[in-house]
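Remarks on the structure that follows.
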Amino acid sequence: MRTSLRLVAAGILASAAGSAFAQEATKPTPEHLAMAKAAGVWDAEVKIWMQGPAAPPDVSNGTEEVTLLPGGLWMTSKYEGKMGDLPFSGRGITGYDPVKKKFVEVWVDSTDPHMLILEGDYDKESKSLTSYGKATEPRSGKPYDVKTVTTHKGDDERGFVFYMKNDETQGEYYKLLEMTYKRRSK
128 MRTSLRLVAA
138 GILASAAGSA
148 FAQEATKPTP
158 EHLAMAKAAG
168 VWDAEVKIWM
178 QGPAAPPDVS
188 NGTEEVTLLP
198 GGLWMTSKYE
208 GKMGDLPFSG
218 RGITGYDPVK
228 KKFVEVWVDS
238 TDPHMLILEG
248 DYDKESKSLT
258 SYGKATEPRS
268 GKPYDVKTVT
278 THKGDDERGF
288 VFYMKNDETQ
298 GEYYKLLEMT
308 YKRRSK
């Protein structure tokens, strides 16, 4: 009988908490609203320096579809294209953490069994989001530091640069990837 009463009480509390939560749903911050402007379909030109900074980059193309989730707190991205001659597929989720006052990003793709988690700050003057994280090289298993910079060049164009830093780069960030995105016309 006590167990039944506890379950009923727990159910009532959960229901009350759910009702309070529904009445106080989190509203998007100005950072969320700014982030939402990236929703749409983007065509990308990709340059990747797999043979080092002195060698010419491999160039390929791809498409990214960015969708704002209901509630306006998170965006998802679906990228399809090539990296060099290989098919490449990636998925991302981006949001803003108002407690940390940081943008947060998660990325997974078809070339790496490790999830990349980044945190970053947006600079209004340069219109750029600079994020940092830790990653693991998929073939060697060695760790490296990641820096990404996304620059907004108006409503319909943005740039993205991926840098890595490890023992081989002598503690300096090395530009591995550069992408130029143009919004597809509606």
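Those letters in the sequence shown? Residues 128 to 313, per this note's numbering, in order. For glycine and all other residues, C-beta sits at the position ideal for the given N, C-alpha and C. Predicted, not measured: the structure shown is a model, and the values here were computed from it.
In terms of residue numbering, what span does the alpha helix (DSSP H) encompassing residue i cover?
i, result
"Met162", "157–162"
What is the residue span of the beta strand (DSSP E) that residue i lies within?
i, result
"Tyr300", "Tyr300 -> no beta strand (DSSP E), and no H or E assigned at all."
"Ala165", "Ala165 -> no beta strand (DSSP E), and no H or E assigned at all."
"Gly286", "284–292"
Thinking residue i and residue j are a contact (beta carbons under 8 Å), I'd like their distance in whole angstroms, please.
i, j, result
"Trp169", "Lys313", "Going by Cβ atoms, the distance from Trp169 to Lys313 rounds to 12 Å, so no, they are not a contact pair."
"Lys302", "Pro180", "7 Å"
"Thr307", "Ala152", "Actually they are not in contact, since the Cβ atoms of Thr307 and Ala152 sit about 37 Å apart, beyond 8 Å."
"Tyr249", "Phe230", "6 Å"
"Val186", "Met210", "Not really, about 10 Å apart at Cβ, beyond 8 Å."
Residues bridged to residue i by DSSP?
i, result
"Ser216", "Glu207"
"Thr263", "Pro270"
"Val193", "Gly167, Ser204"
"Ser237", "Ser237 is not bridged to any residue."
"Glu246", "Val231, Tyr259"
"Ser187", "Val173"
"Val276", "Thr257, Val288"
"Gly342", "No information on residue 342 is available, as it lies outside the stretch 128 to 313 that the chain covers here."
"Lys309", "Asp170, Glu284"
>> Count Cβ pairs between the stretch 202–211 and the stretch 162–174 that sit closer than 8 Å; are there 3 or more?
In response: yes
> Is there contact between the stretch 266–278 and the stretch 287–296, where contact requires at least three CB pairs shorter than 8 Å?
Replying inline: yes
> Do the stretch 209–218 and the stretch 233–251 make contact, defined as three or more Cβ pairs closer than 8 Å?
Replying inline: yes
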